[in-house]
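Chemist:
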Amino acid sequence: MKELGFLKSAQIIFAFWIAATIISSAQATFTTLVSFNGTEAAPAGALTQATDGNFYGTTAGGGPRGHGTVFKMTPTGTLTRLYGFCHQVRCPTDGGGPVGALVQGADGSFYGTTNTGGPNYVAGTVFKITPGGTLTTLHSFCSNTGCGDGENPFGGLVQGPDGDFYGTARDGGANYNGTVFKITPAGALTILHLFEGTDGRGPTAGLTPVPDGNYFGTTLYGPIASSCLPTGEGCGTVFRMTSAGALTVLHAFDITDGLNPNGVLVRGSDGNFYGTTLYGGTHSLGTVFKVTPGGTLTTLHSFQGSPADGAYPLYAGLVQGTDGNFYGTTNIGGASSNCTNGCGTVFKITAGGVLTTLHSFSGLDGSDPQTGLVQGTDGNF
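Mapped onto the working numbering, the consecutive letters of the sequence shown carry residue numbers 890 to 1270.
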């Protein structure tokens, strides 16, 4: 299996646009907006378009101390670093390694997580940052005995109808299987759910809210004691959780229908949820799936690798375009022979499972895309 690594030292990542109306790779219009260098490292989470029309994002590395940044990018590709993490040795105050996407709160500020740093160095934080770059650490994880509040949040946050933010921590909690939490804009954190293993383990992606007040999400592993893997860790789950923390496992993966769902779910216009698994499927190279609110799962596509349609949609979930189709990326595979196993792809898939490769990276225009796409107000991705 491919190692679960976020950044490669030699990786070149680019921001790009692809027109939403394209129907084949031959018609794809691809534009490089920013070429990141070693100083700024590579983008970690998906971009967020703010109310000012600019895009905001994070890098897990780079910056003044090499522990990540928050940046702003204009639609034409002018990039400004807003903040560099880890101002002090071992990052005790502001954390390091922001991986999840930012979310713009109702107050106009952006909220996010770091997966390391804080007073306990490796546990991570929740932070708020203004569009001008003023950062406030709202919570440092592992702040109580045994890291009962969670540890290592990798996913982004979502703001609920109550104004609070909801998220997941991959590790920590009473059973060290991860947690779901909510946090107020002022930084008061409440643990909503402690994973027990039998209900999943290792929630890596963020949550997806629905109008009825519930939240949907995935765990990387679980249920523990499943026969899915020789280790008994399980292949991952899809779950539903109430705002009060009552959690129901809707589906447990079994390798044939996917393994290790890593990206955030997207709620389609049909009311179903769409997502990806990193591994598993017919060729063990990852899948695209649809799951109903009641838990009926359909595998829409099993990736075939290189030179076909790509492989390993790493931390990349899907985004539904205004045309009703879903768009995403694969970490390797595709038509280019410049990378050993292909340099990765951008794809479109219909709700019925018809997949079209829109772009195969060549290494010169970027390689190894790790996160998902966002559709801008101009219709491009």
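Note that beta-carbon positions come from the ideal geometry of N, C-alpha and C, so glycine has one too.
#1: For C1228, which residues in the same chain have their Cβ closer than 6 angstroms to its Cβ, ignoring the five residues on either side in sequence?
#2: Rounded to whole angstroms, what's the CA-CA distance from L971 to A1224? Just pull it up for me.
#3: From G1159 to A1133, what does the alpha carbon distance come to, in whole angstroms?
#4: Starting from the C-beta of N1041, find all residues in its chain whose C-beta is less than 8 angstroms away, skip the five residues before and the five after it, and write them out in chain order.
#5: Is the beta carbon of N1149 closer than 8 angstroms to that of T1166?
#6: DSSP state of C1232, grouped into three classes?
#7: Excluding five sequence neighbours on each side, which residues of the same chain lie with their C-beta closer than 7 angstroms to the C-beta of I1238?
#8: Would you say F1272 and D1053 are within 8 angstroms of each other, going by their C-beta atoms?
#9: So what does DSSP say about G1035, is it helix, strand or coil?
#10: Starting from the C-beta of F1084, find all residues in its chain whose C-beta is less than 6 angstroms away, skip the five residues before and the five after it, and write them out in chain order.
#11: With the cut-off set at 8 angstroms, would you say N1151 and Y1110 are in Cβ contact?
#12: Based on the DSSP output, what are the partners of I1113 in its beta bridges?
#13: Would you list the residues sitting across from L922 in a DSSP beta bridge?
#14: Report the residue from R954, V923 and P1020 whose alpha carbon sits nearest the alpha carbon of G942.
#15: Could you tell me the distance, in whole angstroms, from the CA atom of P1196 to the CA atom of G1231?
#16: Taking just the CA atoms, how far does L1247 sit from D1267?
Modeler: Taking the coordinates as given:
#1: G1252 and S1256
#2: 36 angstroms
#3: Here residue 1159 is Asp; the residue named in the question, Gly, does not match the sequence. Whole-angstrom Cα-Cα distance: 26 angstroms.
#4: N1004, T1005, V1011, A1012, G1013, F1030, A1058, R1059, D1060 and G1061
#5: yes
#6: strand
#7: V1177, L1189, H1190, N1214, F1215 and L1244
#8: Past the boundaries of the shown model lies residue 1272; the chain is included only from 890 to 1270, so the question cannot be answered.
#9: helix
#10: N1066, G1067 and R1090
#11: no
#12: Note: I1113 sits in no beta bridge, so no partner.
#13: Paired residues: none, contrary to the question.
#14: P1020
#15: 7 angstroms
#16: 18 angstroms
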